[in-house]
Amino acid sequence: MRELVRFIEPPRTCSYLPRETESLEIRAIEEMDSFEYGDLLARGYRRFGWQVFRPACAACTQCRSLRIVTSEFKPTASERRILRKNAGIRAVLQPLYVTREHIELYNRYHEFMRGHRHWPQRITDPQEYAESFLVSSGTFGFQWLYMDGDRLVGVSLMDEVPGAISLIYAFYDPDWRPLSPGTFSILNQLQYARERGLRHAYLGYWVEACESLAYKGRFRPREVLREHPDDGVEPVWERLE
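Quick note on numbering: the sequence shown equals residues 1129 to 1369 in our numbering.
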């Protein structure tokens, strides 16, 4: 692994819990293989473009690293209903790339979420999208394209490393929302990991008090990282029942 810089950013208002402050430990990594990346995932890091990061908040521990034991995953009755409702959606796994349809869908999704959950306004373009999602993806970056006929209605960005997948980000057509596309996307990727014989699916950070992240706790069986260990210290994941 070739690391360029590593630092903890100054505290700022938390984007998940506005009454709290947050700091991130950020590592700019120029080059790493899938095994090294898998080790970082097990230590609570996430990847976003060229950087990997994890919480380093001084006074708050509500942001918990969450992973699903995909080798034991079985959809619940309600999850099976969501899969049936979306039987007409075609999920296609592709290498990473960006098209005009990606950009239009991303911007439409964020505009909807700005009104629905008061997200800050965000408009992307092909260059910014590529810098956010395509760079430093190595051999492990993929995307799921969700197609309703010939129309792109959703995109899920996913990394795959030995023994695990990491769910990076997803966005979708707001008109698809009544059929629970976010849950459908996660279920699709969990089933993919199970069929591939991959043991874990990393869902990122679970914050029960944050409406945008609380849904992650519904998927079972689940494990949370006890604390964020230093390099060379074995990470400890605890099973939640």
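We treat Cβ as the ideally placed atom computed from N, Cα and C, and that holds for glycine.
7 Å Cβ cutoff met for residue i and residue j
i: residue 1356; j: residue 1172; result: yes
i: residue 1295; j: residue 1198; result: no
i: residue 1165; j: residue 1364; result: no
i: residue 1299; j: residue 1343; result: no
i: residue 1174; j: residue 1155; result: no
i: residue 1315; j: residue 1207; result: yes
i: residue 1214; j: residue 1312; result: yes
i: residue 1231; j: residue 1184; result: no
i: residue 1192; j: residue 1334; result: yes
i: residue 1224; j: residue 1272; result: no
i: residue 1169; j: residue 1330; result: yes
i: residue 1248; j: residue 1226; result: no
Bridge partner(s) assigned by DSSP for residue i
i: residue 1366; result: 1352
i: residue 1287; result: 1269, 1294
i: residue 1221; result: 1272
i: residue 1130; result: 1159
i: residue 1150; result: 1140
i: residue 1333; result: 1193
i: residue 1175; result: 1180
Supposed close pair residue i, residue j - CB separation, criterion 8 Å
i: residue 1159; j: residue 1129; result: 7 Å
i: residue 1203; j: residue 1194; result: Rounded, the Cβ-Cβ distance is 18 Å, inconsistent with contact.
i: residue 1317; j: residue 1284; result: 7 Å
i: residue 1349; j: residue 1196; result: 7 Å
i: residue 1145; j: residue 1337; result: 6 Å
C-alpha distance - residue i paired with residue j, whole-angstrom precision
i: residue 1277; j: residue 1218; result: 8 Å
i: residue 1108; j: residue 1266; result: The first residue shown for the chain is 1129 and the last is 1369, placing residue 1108 beyond what the model contains.
i: residue 1261; j: residue 1270; result: 10 Å
i: residue 1234; j: residue 1302; result: 10 Å
i: residue 1150; j: residue 1263; result: 25 Å
i: residue 1366; j: residue 1228; result: 42 Å
i: residue 1243; j: residue 1252; result: 17 Å
i: residue 1167; j: residue 1321; result: 18 Å
Exercise. Output the residue ranges of the beta strand (DSSP E) runs that lie fully inside the segment 1179 to 1216 and measure 3 residues or longer, sorted by chain position.
Key: 1179 to 1183, 1192 to 1197
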